[in-house]
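Going by the numbering used here, the sequence shown opens with residue 556, and the numbers climb by one from there. Even glycine gets a Cβ: it sits at the ideal position worked out from N, Cα and C. See below for the structure under consideration.
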Amino acid sequence: MGINPTHFNGVYVPSHEPTVCEQPWLSFAWQAANRVGREEVAEAIADAEADLEGYLRYRLVPFWEVNEWHETIRPVRKDLFNLSNTGIRGFAQTVQADWGYLVSGGIRQKDLIGQGDNAIDFSDVDGDVEYEEVATVTGGVAVPVGTPECEIHVYFPASNPMVATGGEDQWEIKPINVTVVGALATITFRREQCVLPELQLEIVPDAADSHHRGVDGGLTADANFLATVDVYRVYN
């Protein structure tokens, strides 16, 4: 989209004030009279993905389908039943799933790793002394040996007042970078992905600029971002 990731997540850097075309994005359109919010863009993308899935007949990313039922062939007479699970010609019965490209059978499992509330640190990797780009889960996270990196997921902590239940998909932080060595997972992600959600609902303009609104992402503004995250293992 050609948008600065910090601005798209509603963050600005005081030492590098955005121009008119670089205004921080707000969460909802109702927070500004003539601006589109992130949620509206997300809905448009979700609609486009749903259209693609409907055409392709399979999910764009791995997904667990649940509670999908299909009837099999039964004898015409209701007092009979099919003991062999075969059709009238003696062949095994088949059913067609609603979605193609089956990866595997199984049940989705989501387990909290550790006690939750894993501390995170911020670092200025490019050394510009303006913005700390990367968030790192402090000290790594202990995981079972052999855990695939794709099974490690990060969420806003259940301790945050805006989060009703820990591990909700709507509060997942992604994309993230995960490296598993032995039984230790090193997790990093962009700092602007963990803005305190209550601040993104702020609708009062800055007193110095009636049009400029956003979350201060300066080097001394760590209090505007999450201090901890919950780490889960999501697997089949």
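V750 beta carbon less than 8 Å from that of F780: yes
Pick from V733, L756 and D785 that is closest to A713, judged by C-alpha positions: Comparing Cα positions, the closest option is D785.
Residue range of the unbroken alpha helix (DSSP H) whose run includes H708: Unbroken run through H708 is the beta strand (DSSP E), I707 to Y710; no alpha helix (DSSP H).
For E723, the residue or residues it bridges with in DSSP: Secondary-structure assignment with DSSP links E723 through no beta bridge to anything.
Other residues of its chain near N732: CB distance less than 6 Å, five sequence neighbours each side excluded: T743
Under the three-state DSSP convention, the category V792 falls into: What is shown of the chain runs 556 to 791, which leaves residue 792 out entirely.
Every unbroken alpha helix (DSSP H) inside the stretch 614-664 [4 residues or more]: none
Where G627 falls, given that 16 or more other Cβ within 10 Å makes a residue buried: The sequence given here places Thr at residue 627; Gly does not occur at that position. Label assigned to T627: exposed.
CA nearest to the CA of L739, picked from P703, W585, V616 and G661: P703
S582 beta carbon less than 8 Å from that of E507: Past the boundaries of the shown model lies residue 507; the chain is included only from 556 to 791, so the question cannot be answered.
Residue span of the alpha helix (DSSP H) that contains D602, given as start and end: R593 to L611
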